[in-house]
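A.B. asks: First the structure, then my questions, so here it is.
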Amino acid sequence: MTLETLYEVIARVKPPEKPLTAETRFVDDLGLDSLTVMELVAEVEDTFDINVPINLLPEIHTVGELAATIDRLRSEQHE
Amino acid sequence: MSSLAARMGDLARERGHLAAAGINPFGVCMDEVTTATEAVIGGRPTILVGTNNYLGLSFAPRAIEAAVEATRRSGTGTTGSRVANGTYAIHQRLERRIADLYERPEALVFSTGYMANLAVLSTVAKPGDTILLDADSHSCIYDGCRLSGATMVRFRHNDVEDLEKRIRRLPKDRTGDLVIVVEGIYSMLGDRAPLAEIVEVKKRHGATLIVDEAHSLGVFGAKGRGLSEEAGVLDEVDFLVATFSKSVGTIGGFCVSNEAGLDLLRYTSRPYVFTASLPPPVVAAAIESIDMMEKGTHLRARLWGNVEHLHRGLTGLGLEILAAESPILAVRMPSEQALLACWMGLLEQGIYVNLALPPATPQGVYLLRCSVCAEHTREQLERVIHAFSEVTGRG
Chain A
1 MTLETLYEVI
11 ARVKPPEKPL
21 TAETRFVDDL
31 GLDSLTVMEL
41 VAEVEDTFDI
51 NVPINLLPEI
61 HTVGELAATI
71 DRLRSEQHE
Chain B
1001 MSSLAARMGD
1011 LARERGHLAA
1021 AGINPFGVCM
1031 DEVTTATEAV
1041 IGGRPTILVG
1051 TNNYLGLSFA
1061 PRAIEAAVEA
1071 TRRSGTGTTG
1081 SRVANGTYAI
1091 HQRLERRIAD
1101 LYERPEALVF
1111 STGYMANLAV
1121 LSTVAKPGDT
1131 ILLDADSHSC
1141 IYDGCRLSGA
1151 TMVRFRHNDV
1161 EDLEKRIRRL
1171 PKDRTGDLVI
1181 VVEGIYSMLG
1191 DRAPLAEIVE
1201 VKKRHGATLI
1211 VDEAHSLGVF
1221 GAKGRGLSEE
1231 AGVLDEVDFL
1241 VATFSKSVGT
1251 IGGFCVSNEA
1261 GLDLLRYTSR
1271 PYVFTASLPP
1281 PVVAAAIESI
1291 DMMEKGTHLR
1301 ARLWGNVEHL
1311 HRGLTGLGLE
1321 ILAAESPILA
1331 VRMPSEQALL
1341 ACWMGLLEQG
1351 IYVNLALPPA
1361 TPQGVYLLRC
1371 SVCAEHTREQ
1381 LERVIHAFSE
1391 VTGRG
């Protein structure tokens, strides 16, 4: 569910050349630069109604890792 | 281990691309700087419109005399940290002067504005706290926040509603403190923070407010104390940080606070402890310049008159200026190519402005960034406007 929504958000920010999977890497596969990453984060925050602290970003490399982080943050911030 | 050039392949390619076109916007060398508004660059007399020297005090005779005298008396440098051999009477005098200016019990002086922010942010916030920072904050704010170990949450630039939203989203069982960080004027776009509204948010949520007045010191307020003074919220700012490297015309940074215990930063703050203190000539010049700044109503009047003149001239050419709220006039260019061509063209006409492009600016925003000085003459500003009309093909 999270993953499906996340695919849509990513496609809005930067349309991917290949179909997205949980293993897709933001920098190596999608070629996101630092500004696009921040734009994507802002979109994710609004879509899922969460804050994504920027300290977490260095640990997130793949779409799947971001989806897992979103799920964790939603449960923390919406309880 | 791979070479630096190999590890930074993209950057190396980009630099090579610009160099091949004969452009090195970040490697301009001033052969000589002759006044607050004039230099010789590449053998050509040039008007400086990109120095952040808002009051023109870097050439104030009083400051120069004081610096020369301090050098003769106390030498060119302290060769030591403030907590070892690097605190001279003149450092304490400067701190007293700033504390009196802000009517606070104490002021702390740092060796640069960058270090002032690193020191204050990394000490005020701690792991478990949450820092809410404006997305357009200067790098030293980001770095200071990172050093603190606190959770960093960005809010949309100057968007108080977004700030509120982010506070609402914080975990309900949060135990740490809330810290809000903003700037007075944002250095690239030249727009002001909505300080009065941010103070309301701060009060509503019991947060600590840190304001970096780097670009607004000397420019706003009856005594030049910054946007906090102009907005009438000085007492609500818990930590006010600023630099001497813009309106004060030298280098260094400071912090004033209402909080008891600011003094403890002298022992706990690594950017204060582990670096050499400011050299005596720099401190002496800062004391004189702060005095001129406080009494500088005439300088601010000249500055704002110049801002208005340049703004009118540039918008008269049909150019888009992003914000008309400060001495930073950011002229928007349609593309990177147009930006580089115009910037080079201005330099060839003897006009130096700053070139600003992503990631220093938001995506797709290309700026010829002008900063106005109280010492600019109308004739200089007319030459600037004329050069803009030539290089942009307008007017």
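Chains A and B, in that order, give the protein sequences. Sequential numbering of the first sequence, starting at 1, is according to this note's numbering. Sequential numbering of the second sequence, starting at 1001, is according to this note's numbering. For each residue, glycine too, the CB sits at the ideal point set by N, CA and C.
1. Taking the C-alpha atoms as reference points, what is the distance between I1321 of chain B and K18 of chain A?
2. Please name the residue or residues paired with M1152 of chain B in a DSSP beta bridge.
3. Pull the bridge partners of F1239 of chain B from the DSSP assignment, please.
4. Which residue wins for smallest C-alpha separation from T1268 of chain B, given the options B:K1126, B:I1180, B:V1033, B:V1049?
5. Against L1322 of chain B, what residues of chain A qualify as contacts under a CB-to-CB distance less than 9 Å, listed in chain order?
6. Alpha carbon to alpha carbon, what distance is there between A1119 of chain B and D1134 of chain B?
7. Let me know if Q1092 of chain B comes out buried or exposed under the rule of 16 or more other beta-carbons within 10 Å of its beta-carbon.
8. DSSP on M83 of chain A, reduced to helix/strand/coil?
9. What are the residues of the region 1167 to 1186 of chain B that lie near chain A, defined by any Cβ-Cβ distance shorter than 8 Å?
10. Is the Cβ of V1124 of chain B closer than 7 Å to any Cβ of chain A?
11. On the CB-based measure, 16 or more other CB atoms within 10 Å of its CB, does K1202 of chain B come out buried or exposed?
12. Report back the beta-carbon spacing between D1191 of chain B and A1323 of chain B to the nearest angstrom; my notes put them in contact at under 8 Å.
13. For a contact meaning CB atoms closer than 9 Å, what does P1127 of chain B contact in chain A?
14. Spatial neighbours of L1346 of chain B within its chain, please: C-beta separation below 8 Å, excluding the five flanking residues on both sides.
15. Distance check for L1209 of chain B and E45 of chain A, CA to CA, integer angstroms please.
16. Should V1083 of chain B go down as buried or exposed, given a rule of 16 or more other Cβ atoms within 10 Å for buried?
17. Under 7 Å Cβ-Cβ, which residues of chain B neighbour P53 of chain A?
18. Here's the rule I'm using: 16 or more other beta-carbon atoms within 10 Å means buried, otherwise exposed. How should E1106 of chain B be labelled?
19. For a test of the three-state rule: what should DSSP assign to A1020 of chain B, helix, strand or coil?
20. Please classify C1029 of chain B as buried or exposed, where buried requires at least 16 other C-beta atoms within 10 Å of its C-beta.
21. Report the three-state DSSP secondary structure of C1342 of chain B (helix, strand or coil).
22. How many Å lie between F1244 of chain B and T1112 of chain B at the Cα?
23. M1333 of chain B lies in the beta strand (DSSP E); which residues open and close that run?
24. From B:A1196, B:H1215, B:H1205, pick the residue whose C-alpha is nearest to that of L1189 of chain B; which is it?
25. Beta-carbon within less than 7 Å of S1335 of chain B's beta-carbon, same chain only, minus the 5 sequence neighbours each way: which residues are those?
26. Does any C-beta atom of chain A lie closer than 7 Å to the C-beta of Q1380 of chain B?
27. Note down, in chain order, all residues in the region 1348 to 1373 of chain B with a beta-carbon under 8 Å from any beta-carbon belonging to chain A.
28. Give the DSSP bridge partners of C1370 of chain B, in chain order.
29. Using the beta-carbon count (16 or more within 10 Å), is F1026 of chain B buried or exposed?
30. Considering only the alpha carbon of each residue, which of B:R1394, B:H1376, B:G1393 lies closest to G1050 of chain B?
31. For the alpha helix (DSSP H) that T1361 of chain B lies in, which residues bound it at each end?
32. Take A1242 of chain B as the anchor and find which of B:G1016, B:V1182, B:G1261 has the nearest alpha-carbon.
33. I'd like to know if L30 of chain A contacts chain B, where contact means its C-beta is closer than 7 Å to some C-beta of that chain.
34. Which of the three DSSP states is assigned to F1405 of chain B in this structure?
35. Where does F1274 of chain B land, buried or exposed, given buried means 16+ other C-beta within 10 angstroms?
36. Assuming contact is defined by CB atoms lying nearer than 7 Å, are L1178 of chain B and A1150 of chain B in contact in what I supplied?
C.D. replies: Looking at the coordinates:
1. 40 Å
2. B:I1131
3. Listed as beta-bridge partners of F1239 of chain B by DSSP are B:I1210, B:S1257.
4. B:K1126
5. In chain order: nothing, as chain A lies at least about 17 Å away.
6. 19 Å
7. exposed
8. Because residue 83 of chain A is not part of the residues shown, which for chain A are 1 to 79, the question remains open.
9. R1169, L1170, P1171, K1172, D1173
10. no
11. buried
12. 4 Å
13. Those within 9 Å of P1127 of chain B in chain A number zero; the least Cβ separation is about 10 Å.
14. Y1352, V1353, L1368, A1387, F1388, V1391
15. 24 Å
16. exposed
17. T1151, M1152, V1153
18. buried
19. If DSSP states are grouped into helix, strand and coil, A1020 of chain B belongs with the helices.
20. exposed
21. helix
22. Counting only the Cα atoms, T1112 of chain B lies some 8 Å from F1244 of chain B.
23. M1333 of chain B -> beta strand (DSSP E) spans 1328 to 1333.
24. B:H1215
25. Y1366
26. no
27. P1358, P1359, P1362, Q1363
28. B:L1329
29. exposed
30. Nearest option by C-alpha distance: B:H1376.
31. Unbroken run through T1361 of chain B: none, as it is neither H nor E.
32. B:V1182
33. no
34. There is no way to answer for residue 1405 of chain B, as the model of chain B reaches only from 1001 to 1395.
35. exposed
36. In this structure, A1150 of chain B does not lie closer than 7 Å to L1178 of chain B by Cβ.
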